[in-house]
Each structure stands twice: as C-alpha cells, then as structure tokens.
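In my numbering, the protein residues as written are 63 to 264. The beta-carbon is built from N, C-alpha and C at its ideal position, and this holds for glycine as well. Since the structure is predicted, the reported quantities are computational estimates derived from the model, not experimental observations. I have placed the structure first, in the form of structure tokens, so that the comments after it can refer back to it.
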Amino acid sequence: MTALTVMTTLAADHVDAEERAVTPRTRTAPDVDALTDAVRVRVLARQAELRAQGRDLDLSEVEELADRMLAALPTVHPLDEPLGPFYDTAGLVAWLGISRQALFDRVRRGTVLACRTSDGHLLYPSLQFGRAGQVRPGVQEAVGAFTRRDIDGWTVGTWLTTPTAVFEGHSAVDYLVVHRSSAAAVRWVAQCAVEDAARWAA
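Structure, rendered in structure tokens:
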C-alpha cells in the first residue's frame, strides 16, 4: 500500500517541476511555508557548523532526505475522522528510529495501537503519540488492557475517541488532555479500559 503524506497530498496538483518553481509562495498553505522555512534555517545552520570544522554538508541525495523528513508526518486515510490521521509502518519506524520487528513487538505487547486494514496493512493512529514519539500516558494503559483481551485495534480506537458520560462528556483521549494526563486521570482511563475489555471478552 502506498501511503500519501499530508504534505504530499497538499502538493499533489499534478503540475510539473518547472511550473511548481514559479508558483507564488502565497498559494501554499501557511503551515507548509512555516515548516519549509524552519527546515531551511536548520539546514543552513548545520551547513555553517560543518564549514567551521572544514567539512561539507552532503545534500546530493535530496529526494531521499525529503522522503525521510516526510516519514515523520502522518499518512492520509479514508478513516481519518475521528481516529486518524495515521502513520503507516514505514513512516512510524522512520520517525521512531526503530526496526519493523521492534514496532511489531510493541503492537503485540499492547504498548502501541495498530489497526489492520482489509488488505492486511497496519495503520497507527497518530493521536496516541506525544511529540517525542512516546505513547501518551493513559492511552498506553488502555491499549494494553484491550490487547490482553484480544480486542481489535479499530474497536480500541473507537473506544478511545468516543465521547461518553464516564469521561465527563469527553472521549478518553480528550479527557486525558483536559486533565493534563494527571495520575488520577490515567488511573481512571486505565480502570475503565480494564472493565470494558473484560466485559466485551466475556
């Protein structure tokens, strides 16, 4: 399965390279401009650091570098709302800097939520991850509770994102955000997950 990244989707207007080169910056999304500007600043800074050491910055593999940077962005999928966006396996292992086997082991142990598509591919909801790639407190405990009961990933994802009175009218994920992932909030989400998983598996 070929996964389209968010930035690829924004740029997929089927124009050739020459036409893109003369496209005014005002036609691009502000967030994309901000991202490319930030990357440019960091690349130039790195280049200056290396030159100070008498070294050159090798940018000969531009396409490969661009692909590696895009791998850190979630993929687009028809089921993006409300569970997505998603990472695919290639994108997530690139972002986390781990092997595919290590990722699959985390899925098996219930420390990462994965949803299997009808054609057998795994997708990983981005909502479960913090900025550094760690699985958010409370989410990890809930995923583990359901995984131990062999509850499928789509069901777990629905549980995490469906508002309910149990979580003060919020979804489990939003409840954790509202309460800043406090110890009490994490315990409550984990307890509810354990109870629901046991009931569903009975």
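Residues that DSSP places opposite residue i in a beta bridge
| i | result |
| --- | --- |
| Leu-185 | Asp-150 and Cys-177 |
| Glu-197 | Position check: residue 197 holds Val in this sequence, whereas Glu was assumed. DSSP, once it has assigned bridges, lists Phe-191 as partnering Val-197. |
Inter-residue CB distance, residue i and residue j (contact presumed, cutoff 8 angstroms)
| i | j | result |
| --- | --- | --- |
| Ala-194 | Val-251 | Incorrect: roughly 21 angstroms between the Cβ atoms, too far for contact. |
| Ser-161 | Val-155 | 7 angstroms |
Simplified DSSP state of residue i, which is helix, strand or coil
| i | result |
| --- | --- |
| Arg-89 | For Arg-89, the pLDDT reaches just 46, beneath the cut-off of 50, and the residue's location in the model is therefore unreliable, although a value from the coordinates is still provided. Three-state DSSP puts Arg-89 in a helix. |
| Thr-226 | coil |
| Asp-236 | helix |
| Leu-106 | helix |
| Gly-116 | coil |
| Glu-123 | coil |
| Gly-206 | helix |
Identity of the residue in the options nearest residue i by Cα
| i | options | result |
| --- | --- | --- |
| Phe-166 | Leu-184, Tyr-237 and Cys-254 | Leu-184 |
| Ala-307 | Gln-202, Gly-231 and Thr-179 | Outside the displayed span of the chain (63 to 264) sits residue 307, for which this structure offers no information. |
| Ser-188 | Trp-157, Ser-161 and Tyr-149 | Tyr-149 |
| Gln-190 | Val-218, His-241, Gln-109 and Val-103 | Val-218 |
| Thr-179 | Trp-216, Val-101 and Ala-128 | Trp-216 |
| Trp-262 | Trp-221, Val-235, Glu-230 and Ala-245 | Trp-221 |
| Arg-210 | Pro-92, Gly-192 and Glu-257 | Glu-257 |
Close beta carbons around residue i, own chain, < 7 angstroms, minus the five adjacent residues each side
| i | result |
| --- | --- |
| Ser-243 | Arg-198, Pro-199 and Gly-200 |
| His-232 | Pro-225 and Val-240 |
| Ala-247 | Gly-200, Tyr-237, Leu-238 and His-241 |
| Ala-245 | none |
Same chain, Cβ closer than 8 angstroms to residue i, five either side skipped, listed in chain order
| i | result |
| --- | --- |
| Thr-173 | Val-197, Gln-202, Val-205 and Gly-206 |
| Val-101 | Met-131 |
Close-in-space but distant-in-sequence residues of the same chain around residue i (CB under 6 angstroms, 5 per side omitted)
| i | result |
| --- | --- |
| Leu-112 | Leu-119 |
| Thr-88 | Residue placement at Thr-88 is poorly supported in this model, since its pLDDT is 38, which falls under 50; the coordinates still yield a value, given next. No residues qualify anywhere along the chain. |
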